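Those protein sequences? They're chains A and B, same order as listed.
Under this note's numbering, think of the first position of the first sequence as -7, with each following residue one higher.
Under this note's numbering, think of the first position of the second sequence as -7, with each following residue one higher.
There are 2 protein chains.
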Amino acid sequence: MKFTADVIISLKKGVIDPEGEATKKALNLLGFRNVSRVESMKIFRIELSAKTKEDAEDMLKEMCDRLLANPVIQDYSIRWVE
Amino acid sequence: MKFTADVIISLKKGVIDPEGEATKKALNLLGFRNVSRVESMKIFRIELSAKTKEDAEDMLKEMCDRLLANPVIQDYSIRWVE
């Protein structure tokens, strides 16, 4: 079966997010003074074939551990796309 | 009121996605031959204050049009975070 999932890579709490900070500052300077926080994240939308959804999820986690996420500074979560 | 939204920036259909392509190739080379497609996207998680959710959504759209997205090659969508 074919599955599609969004793998969402975010920075762990406490890790500095220069892109988010710069974006917040730029928005504030553009006049959006009501923006109090911006956090940047990354999505990989992955289409894969697997026997079951559980198999697919196990493989996605392995992909994150081996390639997509840096476990020192990043967290990941998986969200299924219908 | 405070609102938090994920602004999701993706490439328009037909626009080449070198990061997604490279990630797919790397996953295939690592042994994940069942991965048939990888698409890369970007999230800005934005915390802002506004009178109503509609006001907040209008402002988020303006932020995308003016700063966050490149309308020539990118689409955006907004998803509320509870």
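Even glycine gets a Cβ: it sits at the ideal position worked out from N, Cα and C.
No experiment lies behind these values; they were computed from the predicted model shown.
- As for any alpha helix (DSSP H) of minimum length 4 sitting wholly inside the region 5 to 74 of chain A, the runs are 10 to 21 and 45 to 55, ordered along the chain.
- Chain-ordered listing is empty here: chain A has no CB closer than 8 Å to the CB of residue 71 of chain B, the nearest sitting near 10 Å.
- Cα atoms of residue 25 of chain B and residue 44 of chain A: separation of roughly 16 Å, rounded to the nearest angstrom.
- Spanning the alpha carbons of residue 6 of chain B and residue 29 of chain A requires a straight line of approximately 33 Å.
- The contact set of residue 61 of chain B on chain A, defined by CB atoms closer than 9 Å, is empty, because the minimum CB distance reaches about 12 Å.
- Pairing residue 37 of chain B with residue -4 of chain B gives a Cβ-Cβ distance under 8 Å.
- Within the model, the alpha-carbon separation for residue 10 of chain A versus residue 71 of chain A is close to 25 Å.
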